[in-house]
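Before any comments, here is the structure.
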Amino acid sequence: MRRLLIAGNWKMNKTVPEAIELVRELKERLKGVEDRDILVCPPFTALYPVGRELEGSSILMGAQNMFYEEKGAFTGEISPVMLKDVGCSYVILGHSERRHIFGESDELINRKVISAVNHNLIPILCIGETLEEREKGETRQVVERQVREGLKGLKPEDEFVIAYEPVWAIGTGRSATPEMAQEVHTFIRDVLTELFEKEKAEGVRILYGGSVKPENAKGLLEMPDIDGALVGGASLKAESFSAIVKTTL
Ligand code: PGA
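For the record, in the sequence shown the residue sitting at position 189 is 188 according to numbering that gives the first Met the number 0, with numbers rising by one throughout.
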């Protein structure tokens with residue numbers, strides 16, 4: 000049985016006081032929710048204060064990106080050691096904005112994924128096709144490549160999460176239907192079964208992301224292979240994020 004994971008990707012939003020305010024309200028609203036994992040991913044500048052604010056709470060914290068080296072002359076980068084130091088247990092890697100705006104390749108993302116697991120951080124590997132790729136019928140091909148390349152070199156005992164986020168659904172208000180998402184999630188699990196053994200593939204959580212809102216969360220989360228959500232816009236307000244977290248199945 001896979002434990003549900005609801006993750007909030009705050010992207011480049013929230014100053015430190017705003018981040019603290021949001022997380023305080025989330026703690027209040029989500030008190031007593033224990034049957035699922037709740038994760039917030041603030042921008043780098045807010046990680047330390049948010050981590051302190053979350054001490055003693057069951058809400059987990061992750062980062063939105065990292066570099067694969069531990070330290071050194073890499074101006075502007077943040078290392079896995081630094082993320083662990085401020086209390087992160089997860090890290091989002093290969094988000095479509097990293098791939099498309101910042102040109103991250105499957106190879107670079109793979110190096111980050113390997114480094115994350117080596118530092119006891121759980122990577123959330125984001126994958127998904129563009130609208131053009133979907134219209135050309137290339138969804139499976141793209142997703143399979145991103146999964147295979149992204150996870151290269153991982154061992155069956157390494158813990159990781161996949162987030163399927165069709166690029167055309169991110170920040171557009173246009174979510175995939177539960178059936179569309181389920182179809183791709185089943186395909187991803189089949190690829191995982193080929194890469195690892197069946198038992199491992201059955202235990203991997205595959206999140207859906209792309210315009211998840213309180214209104215569409217239930218339909219998506221009820222699908223057998225959708226094990227949680229990666230929420231962008233709707234994670235910036237305590238009211239909408241906690242409503243998604245509390246979606247009853
Ligand atoms: P969205 O973003 O919920 O605003 O569509 C999701 C994401 O990019 O992770």
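The beta-carbon is built from N, C-alpha and C at its ideal position, and this holds for glycine as well. Being a predicted model, the structure only gives us computed values, none of them experimental.
In terms of Cα proximity to Leu150, the closest of Thr138, Leu191, Glu137 is Leu191. Judged by DSSP in its simplified three-state form, Ala175 adopts coil rather than helix or strand.
The Cβ-Cβ distance between Met60 and Val49 falls below 8 Å.
For Pro122, DSSP records a beta bridge to Val90.
Residues Pro42, Gln63, Glu96, Gly231 of the same chain have their beta carbon placed closer than 8 Å to that of Lys10, with the five preceding and five following residues left out of the count.
In this structure Leu46 touches Val85 by the C-beta definition: roughly 5 Å separates them, less than 8 Å.
Distances from the CA of Leu53 to each of Val22, Lys30, Leu82 were compared; the closest alpha carbon is that of Val22. Annotation for Ala242: the continuous alpha helix (DSSP H) segment containing it runs 237-244.
Between Val32 and the set Thr44, Arg2, Arg188, the nearest pair of CA atoms involves Arg2. Contact annotation: Ile243 and Ala228 have beta-carbon atoms nearer than 8 Å. Leaving aside the five residues that flank Arg139 on each side, the residues in its chain whose CB is nearer than 7 Å to its CB run, in chain order, Phe186.
For Ile205, the three-state secondary structure derived from DSSP is strand. A residue is called buried when at least 16 other Cβ atoms come within 10 angstroms of its Cβ; Asn8 meets this threshold and is buried. For Asp34, the secondary structure class from DSSP, reduced to helix, strand or coil, is coil.
Met60: member of the beta strand (DSSP E) spanning 59-62, first to last residue.
Ile121 and Tyr89 do touch by the CB rule: their CB atoms are close to 5 Å apart, below 8 Å. Just so you know, the alpha carbons of Glu20 and Thr129 end up roughly 35 Å apart. Here the alpha carbons of Arg110 and Ala168 stand approximately 27 Å from one another.
Under the DSSP definition of a beta bridge, Tyr163 partners with Ile126, Tyr207. Partner residues in the beta bridge of Ala6, as assigned by DSSP, are Leu38, Leu229.
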